[in-house]
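Residue numbers (UniProt numbering), protein chains in the order written: chain A, 1 to 237; chain B, 1 to 237; chain C, 1 to 237; chain D, 1 to 237; chain E, 1 to 237; chain F, 1 to 237. Glycine included, every Cβ here is placed at the ideal spot set by N, Cα and C. Predicted, not measured: the structure shown is a model, and the values here were computed from it. Here is the structure we will look at.
Number of protein chains: 6
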Amino acid sequence: MMRQDGRAFDELRPIKITTDFVKFAEGSCLIQCGDTMVLCCASVEERTPPHVAEGTGWVTAEYSMLPRANRERSKRDISKLKLSPRSAEIQRLVGRSLRAAVDLTKLGEHTITVDCDVLQGDGGTRTASVTGGFIALSLACRKLVEEGAVASNPIRHFVTGVSAGIVDDTALLDLRYSEDSRAQVDLNCVMNELGEIIELQGTGEGRSFTLAEQQELVRLCAKGNRELLRLQRAALK
Amino acid sequence: MMRQDGRAFDELRPIKITTDFVKFAEGSCLIQCGDTMVLCCASVEERTPPHVAEGTGWVTAEYSMLPRANRERSKRDISKLKLSPRSAEIQRLVGRSLRAAVDLTKLGEHTITVDCDVLQGDGGTRTASVTGGFIALSLACRKLVEEGAVASNPIRHFVTGVSAGIVDDTALLDLRYSEDSRAQVDLNCVMNELGEIIELQGTGEGRSFTLAEQQELVRLCAKGNRELLRLQRAALK
Amino acid sequence: MMRQDGRAFDELRPIKITTDFVKFAEGSCLIQCGDTMVLCCASVEERTPPHVAEGTGWVTAEYSMLPRANRERSKRDISKLKLSPRSAEIQRLVGRSLRAAVDLTKLGEHTITVDCDVLQGDGGTRTASVTGGFIALSLACRKLVEEGAVASNPIRHFVTGVSAGIVDDTALLDLRYSEDSRAQVDLNCVMNELGEIIELQGTGEGRSFTLAEQQELVRLCAKGNRELLRLQRAALK
Amino acid sequence: MMRQDGRAFDELRPIKITTDFVKFAEGSCLIQCGDTMVLCCASVEERTPPHVAEGTGWVTAEYSMLPRANRERSKRDISKLKLSPRSAEIQRLVGRSLRAAVDLTKLGEHTITVDCDVLQGDGGTRTASVTGGFIALSLACRKLVEEGAVASNPIRHFVTGVSAGIVDDTALLDLRYSEDSRAQVDLNCVMNELGEIIELQGTGEGRSFTLAEQQELVRLCAKGNRELLRLQRAALK
Amino acid sequence: MMRQDGRAFDELRPIKITTDFVKFAEGSCLIQCGDTMVLCCASVEERTPPHVAEGTGWVTAEYSMLPRANRERSKRDISKLKLSPRSAEIQRLVGRSLRAAVDLTKLGEHTITVDCDVLQGDGGTRTASVTGGFIALSLACRKLVEEGAVASNPIRHFVTGVSAGIVDDTALLDLRYSEDSRAQVDLNCVMNELGEIIELQGTGEGRSFTLAEQQELVRLCAKGNRELLRLQRAALK
Amino acid sequence: MMRQDGRAFDELRPIKITTDFVKFAEGSCLIQCGDTMVLCCASVEERTPPHVAEGTGWVTAEYSMLPRANRERSKRDISKLKLSPRSAEIQRLVGRSLRAAVDLTKLGEHTITVDCDVLQGDGGTRTASVTGGFIALSLACRKLVEEGAVASNPIRHFVTGVSAGIVDDTALLDLRYSEDSRAQVDLNCVMNELGEIIELQGTGEGRSFTLAEQQELVRLCAKGNRELLRLQRAALK
């Protein structure tokens, strides 16, 4: 099968990472994966939510689409007075993924909130949020170290995310919207730099899938995550 | 490792399914998995949401915890004016899982809403909702056939869900709360009667996990799902 | 007039009370009055709302219908973002009734919240909530005494509730839905074990009513409440 | 017992009714019962809610306190994003009471909404809303007749409301706030011009009460309602 | 151009100010400007919002329309679950205007909230709220002085507001609704007793306007504000 | 007075306009005014709100700050369940300004919504939203013409906005945040290409101001708007 944009079945879209895209956030980047464009901002606050043990920190994420990020304009959450359930699902995934990257005891009593705002959506926004969110988070942690607010860098793992899917019974890495919208199976995989899994979400949208197919999709994601890791290292060097 | 309740590592908790627990819903059951207790009610309405193509139907799910389903009382969503993000995540999973069980074109212009209300929560409420929700859904579909509202039964697959996790580096099937709350890895798996995957969600809560561990957890879930399938068949015979 | 279910004009529906229906609440019961089925859970918290004087406690109630408790499915409050006004009215009635049962100064600085969730509604849900709610409340108070958290049992009165109404110009006790929906007058009465009134709410739905009719309805309720009291004593013995 | 303001036990506070207090509403009045001051406005719309049968009309009410109607300023509902439960309870009572005054089939497909906004609250605001709301409603109905929008006046009964209560074991008519706040029993009674009951709500706030006491309170209310009826007739002549 | 009500182009509508219209607020008035009628109540609380420096006070305003203040009934904010954006805009204007009247350091740690509730709206409600709100605020400040809660009167300026507009290319003072609804330009101006500007808001509704036209409108407002100032002094003497 | 960034008193910050910053919106630009950065997207829909006359169109605007656009992170509107009152005020201003730019009868039955999302805020975000919003709006109108959806371009005026203020008693054009936060007077002015005023909003924050000062500020804005007009023409050529 020939992909519309000429990519190989296991090839990522072009990735562009612009660090410090905005200047007030303790860490930020604009991540572009093909036409998907997410602004990730990490904000540090010197307080933690009630459920967090004394002396330790917290990492959380929020995710939102700008109204015209997509082909059709969608109403803002506030005009419907409810957080989009899709956003609720995604920001929980991003939050868990980024929390796994950090040693919360080393973070001290700080909360880092990573805002992932999708300026343009063309598939893969949740995994781009993980990958870009990790960069914003790392820059914020680095700043905490530089300012002496934490003794040592609380980052314990790199974290990247990518999706793969089955389209016309073929497994493909990093679906763009035109592929995603007709995928039979869609799988998102968040990994650390050792290739271990942090989050895995697979959905049979058009049909169910076998354990063998699932493994193939994870292997594709592993390849994509290795490349994203390399780009993260470059962006953070 | 000895499990607290003496179960083998690959053993389900005792399951009890009471069909027609309430009488107004077109289909209903109370499902008990150990101390977890979920009331599942399927309601049929003769209209479909705007995004659904003419002539086809829709299946959706809602999930909620009663305030005192858990060890601590939690506030009702309405008193916080927001759907719990956890509930939002779960009801999307349950909805996708149950939708996969149905041939929506055979369903005609009906919407079936499956309400999963947790009366008591002791781990595994989301997968119990899938397993019990399928029974409520099946009963409602059967009624539609009996009343002549649809020509043939729109159910195309049985659907069951179960969780597995890694506790103290041991893979265990069907975690109860006291296990779940200290699990290192938690994985939910929804399957059809062929053992194919419909939904898969794995989370490294305490640590990341390897592809091999992930496969082991899916295999445990496959075993649990086979037993749940047998119980579903018995409840629906 | 012959009642549909063959009851005498002053006869209650069959009542079934299952105490400790759920295990986490400090007190709970499932109360069934004919086809009406309400789960009542009493939760104890060691704090009181701001308006409560130091050293004294508080008792409050919440009431809600599950979406498919009735003949038609109704939307959840959270999806409409507003507490059903009917629920608001009812939970104020239940709260006042149960508060009257307790000596708040003996309760100490505890709040007991009694959640009344209607699993199935066939008329009389608000008075079933009072009767069942009292049992949950009593069990929770007993537990507080057993645990030594309060010095003596703060219950000062038994509290039961029942409705009566005028259907086809005949006064009837304990209306089921098919009677209630065509009642001309509907009256709810909450009483203590001395037969004294705690709450009284009468509504002329189809027509106004005389003081004599009102008294007749209260006398019917008094009879029903005496029987409910006997059942409460049995359930709590 | 001497009442603070020198009234006899069965004496109303001074009542003042100013019809047409505002000019846009189809009917309006400002009703003052002692220091209680409620603006009642009836608005006619040429449509009915979905649950109303074709060809018939609807009457409903809304009730609200201005923020500084009371001794303490209270926040507006909108700043708490929830209708005050007390307002919800009251506007249901007022709506049922006023609906009982009207032959909805004669009203045709009109909705009349009676807004009762409390400018100053000193006890008895809900019954003042009923009494004043009836005047606004009557004026609006009269206008519909004059304009030929309805064939004959749909008012079938006058409706008035008043409260009585037990203070220091003495039954008193028309409690003002300083009495109401220490009443042992509080009872509201809505009646028509025949002295028949439309709504009755009694609450044992400090203690329970006997059927004999309840009857005494209703008789006091009946006396008060007769006087209010005379004032309504005068205001509407 | 002849104005509908015979006024000169630079003539205010008849103004009537009734101080102490309600008795619980620390300061209140009913202000009538022609058929526009606004109830203004100032409430004093002994606490300040978090953003206010220690030892200083705060002044804020809330603005709302009663549902039937206008030709058509409008829904209450709470039934739409959102503050009307128009009200949000207006109460920010009124709040800034009244805050400018007060030396917040002299006010001490008090918050004065001025509620402006429009009982009837016929144009100019926002500027009537400023003019009437100032009177309520002044009365509340006077009371604080009399009670010894503040050492000296914190009022530093009188504040009045009025509108002017261009209708049929003619500049007119104090538009009533029938003029306002077809105005080409609408300008609101809040001034102090020196004729200096505190707030200025001009909008080209039907067309844009020149700087010369804008100055002419401000001069008209200045004349109107001088007269309002005289009326304020009389009301407060 | 020397300005912190060395600008003359009547000098704009550097302006950068990137048209078509995102690709799905019918028109878009990223406008940067110094460090202020606003993404403006115009979306066309083929329907109009109910209050719009048949055959004519509508233009509206929405304005929002991303959570970390500022020095401190602010919570999202949705997490507070209310539109920020400041945003409500601003989007009404932007909407009126852009509506004035368009001949709505030429627009036909289309609604153009201009979303102004502030990625970074350093003062002047509301006027940058007007200036950038006009570009997005113009591009969308041009596209409607090119697609034949409207017969002729409905734009009738260019529209730009800028602020001026009095800092240390000196009138300055285009305040950045560090100036704005200590301004005595702040004035926003929206003009068309003829230098006529469309919207004018002046606020005495630290002190009141004279008519002469007000005119001086408008003249400064007129100069700034002329330069912005030149930049708009260049961006749209």
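(1) Can you tell me which of F:K75, F:L137, F:N153 puts its alpha carbon nearest to the alpha carbon of A:E45?
(2) With a 10 Å radius around its C-beta and 16 neighbouring C-beta atoms as the bar for buried, classify E:T127 as buried or exposed.
(3) Starting from A:N188 and walking both ways along the beta strand (DSSP E), at which residues does that stretch end?
(4) For C:L187 versus C:L217, is the C-beta spacing smaller than 9 Å?
(5) Closer than 9 Å between beta carbons: that is the criterion. Which residues of the segment 212 to 227 of chain F meet it against chain E?
(6) For E:T111, which residues from the same chain have a beta carbon less than 6 Å from its beta carbon, with the 5 sequence-adjacent residues on both sides left out?
(7) Pull up the DSSP beta-bridge partners for A:V159, would you.
(8) Does the distance from the CB of F:S97 to the CB of F:G133 come in under 9 Å?
(9) Between the segment 177 to 184 of chain B and the segment 137 to 156 of chain B, do three or more beta carbon pairs fall short of 8 Å?
(10) Alpha carbon to alpha carbon, how far is C:F24 from B:A69? Give it in angstroms, no decimals.
(11) Confirm, please, whether the CB-CB distance from F:C40 to F:S178 is below 9 Å.
(12) Contact criterion: CB-CB distance below 9 Å. Does F:F9 meet it with respect to chain A?
(13) Give the list of continuous alpha helix (DSSP H) stretches no shorter than 4 residues that lie fully inside the UniProt domain "Exoribonuclease phosphorolytic" (11 to 140) of chain B.
(14) Given the structure, does E:G148 come close to the ligand SAH, in the sense that its CB is under 8 Å from one of the ligand's heavy atoms?
(15) Could you check whether A:C141 and A:G27 sit closer than 9 Å to each other, using their CB atoms as the reference points?
(16) The alpha helix (DSSP H) spanning D:A235 covers which residue range?
(17) When the distance is taken between beta carbons, is A:V102 closer than 9 Å to A:Y63?
(18) Would you kindly report the start and end of the unbroken alpha helix (DSSP H) that includes F:E179?
(19) Mind checking if D:L98 is an interface residue toward chain C, Cβ cutoff 9 Å exclusive?
(20) Measuring alpha carbon to alpha carbon, tell me which residue in B:L93, B:Q91, B:R86, B:G95 is nearest A:Q91.
(21) Are any of the Cβ atoms in chain E nearer than 9 Å to that of D:S138?
(22) Identify which residue in A:E205, A:S79, A:E54 has its Cα closest to the Cα of A:I166.
(23) Could you name the residues of chain A that B:S208 contacts, counting a contact when the two beta carbons are closer than 8 Å?
(24) Tell me where the beta strand (DSSP E) around E:Q4 begins and ends.
(25) Does any residue of chain C have a CB that is nearer than 9 Å to the CB of D:T203?
(26) Taking DSSP as the reference, what is the three-state secondary structure of A:V145?
(27) Show which residues of chain E have a CB atom less than 8 Å away from the CB atom of F:L175.
(28) So the candidates are A:G195, A:V190, A:L172; which of them puts its Cα closest to the Cα of A:D10?
(29) Shortest alpha-carbon distance to E:H51 belongs to which of E:P14, E:K223, E:E109, E:S138?
(30) Only counting the same chain, and skipping five residues up and downstream in sequence, which positions put a Cβ closer than 8 Å to that of D:I197?
(31) In whole angstroms, give me the CA-to-CA distance for A:N144 and F:L83.
(32) Count the other C-beta atoms from every protein chain shown that fall within 10 angstroms of the C-beta of F:P14, then say buried if there are 16 or more, exposed otherwise.
(33) If I measure Cβ to Cβ from B:R16 and keep anything under 6 Å in the same chain, skipping five residues before and after, which residues do I get?
(34) Does any C-beta atom of chain F lie closer than 9 Å to the C-beta of E:K143?
(35) Roughly how many angstroms lie between the CA atoms of A:T125 and A:G34, to the nearest whole one?
(36) Taking a Cβ distance cut-off of 8 Å, strictly less, list which residues of the segment 84 to 95 of chain B are near chain C, in chain order.
On the basis of the supplied data:
(1) F:K75
(2) buried
(3) 185 to 192
(4) yes
(5) E213, Q214, Q215, V218, R219, A222
(6) E45, T48, W58
(7) A:N192
(8) yes
(9) With contact defined as three or more Cβ pairs closer than 8 Å, the segment 177 to 184 of chain B and the segment 137 to 156 of chain B are not in contact.
(10) 7 Å
(11) no
(12) F:F9 does not count as touching chain A.
(13) 77 to 80, 85 to 99, 104 to 107
(14) The ligand SAH is absent from the structure shown, which contains no ligand whatsoever.
(15) Contact: yes.
(16) 211 to 236
(17) no
(18) 177 to 180
(19) no
(20) B:R86
(21) no
(22) Taking only the C-alpha atoms, the option nearest A:I166 is A:E205.
(23) Around B:S208, the beta-carbon contacts reaching into chain A at under 8 Å are A100, H157, M191, N192, L194, E196, I197, I198.
(24) It is not in any beta strand (DSSP E) - E:Q4 carries neither H nor E in the DSSP assignment.
(25) yes
(26) helix
(27) Ordered by position in chain E, no residue passes the 8 Å Cβ test against F:L175, which lies about 17 Å from the chain.
(28) A:L172
(29) E:E109
(30) C189, V190, M191, V218
(31) It is Leu, not Asn, that sits at residue 144 of chain A in the sequence shown. Distance between the alpha carbons of A:L144 and F:L83 is about 33 Å.
(32) Result: exposed.
(33) The question names Arg, but residue 16 of chain B in the sequence shown is Lys. For B:K16, where only same-chain residues beyond five positions count, the Cβ hits under 6 Å are Q32.
(34) no
(35) 11 Å
(36) none
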